[in-house]
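Here my numbering runs 436 ahead of the position in the sequence shown, where the first position is 1.
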Amino acid sequence: MKNFKTGMVIEVKTSCTFQSNKCKNKNCNFKFSKLISFCPNPNCMSNDFKVMKDSRFGINAKSLLKDYKNGVFEKLCLFHIFDEDLNKKKRTIKFIVNGFDISFNKHETDKITLNKRLEYFENQNFLSSKSDNCNLLPNSYDFYLLKPKQVCSFEVIINYGNLHIKNIISELKFNNSLRVPINLIEKLSWNDFISIKSYDKNSETISVEDFSSNFNFKKKKFNKERGEIKLVV
Ligand SMILES: [Zn+2]
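Pasting the structure below:
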């Protein structure tokens, strides 16, 4: 997307972690809607299934870096959509839509933050020889290291039992500074995490600013495919 006023490039990406369930029966592997509580394959009907949540923001690292070097890359706008409440009795789903900005504007971003953001995409670009695409998981370790700034939050209630009923959309309040939970990092580093100034005992979180300045991207093996990344919603 191009900002016609400034001529700058804005990359908009969406990740929806409301996905199909996957049957765990090895002879079946059926994927089916989350609205159903058992595998609908007539030969299976298993209750044992996996809830899938691994949708990612697919960002082209190569073109992002190219636009940045040409001085025309403004920011990433990321939208994470997830279900917060699935009420099968009322037949409603409550979705949350959270919007985040990751700016690459030199005038509004400090040098350290900007370098960290560039480091992530340079690593991704260097590590992946097969594609230019990098797969950023919402609310993951890497996501918070990029120090995203939340810009909006909406709640959408959909009545899936009767689609003639209008969706209810409301704006939600959100924290200006995101909080990063302790369980995103390895246990070995928990003491470091707890000693950080913004650590809050009750929520076991620190501010995204402190997280981004105190932790680093994990070293990945050359040409390694997707690593194991923990998701916390
Ligand atoms: Zn099945």
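Here a beta-carbon is modelled for each residue, glycine too, at the ideal position from N, C-alpha and C.
All figures in this text were calculated on a predicted structure; none of them were measured in a lab.
What residues in its chain sit with their C-beta under 6 Å from that of residue 461, if we drop five residues either side in the sequence? 480, 482
Could you name the residues that DSSP lists as bridge partners for residue 752? What is shown of the chain runs 437 to 669, which leaves residue 752 out entirely.
Which whole runs of the beta strand (DSSP E) in the region 475 to 519 are 3 residues long or more, in chain order? 485 to 487, 493 to 496
If the criterion is Cβ atoms closer than 9 Å, does the pair residue 644 and residue 583 meet it? yes
Exposure of residue 500, with buried meaning 16 or more beta-carbon neighbours within 10 Å: buried
Between residue 448 and the rest of its own chain, which residues show a CB-CB distance below 6 Å, the 5 nearest in sequence each way excluded? 437, 513
Within the structure, which residues are defined as neighbours of ligand 1 by a Cβ-heavy atom distance below 6 Å, reported in chain order? 459, 461, 464, 466, 475, 477, 480, 482
Whole-Å CB distance - residue 580 paired with residue 647, under 8 Å assumed: 5 Å
Report back the beta-carbon spacing between residue 606 and residue 590 to the nearest angstrom; my notes put them in contact at under 8 Å. 7 Å
Does the beta-carbon distance from residue 446 to residue 544 come in below 9 Å? no
Does DSSP classify residue 589 as helix, strand or coil? strand
Buried or exposed (CB count within 10 angstroms, at least 16 for buried), residue 442: exposed
Assuming residue 632 and residue 652 are in contact, meaning their beta carbons sit under 8 Å apart, how far apart are those beta carbons, in whole angstroms? Rounded, the Cβ-Cβ distance is 14 Å, inconsistent with contact.
Since residue 444 sits in a beta bridge, which residues does DSSP pair it with? 439
Using DSSP with H/G/I as helix, E/B as strand and the rest coil, what is residue 639? coil
Answer yes or no: do residue 539 and residue 585 have a C-beta to C-beta separation smaller than 9 Å? yes
Measuring only the C-alpha atoms, how far is residue 456 from residue 489? 9 Å
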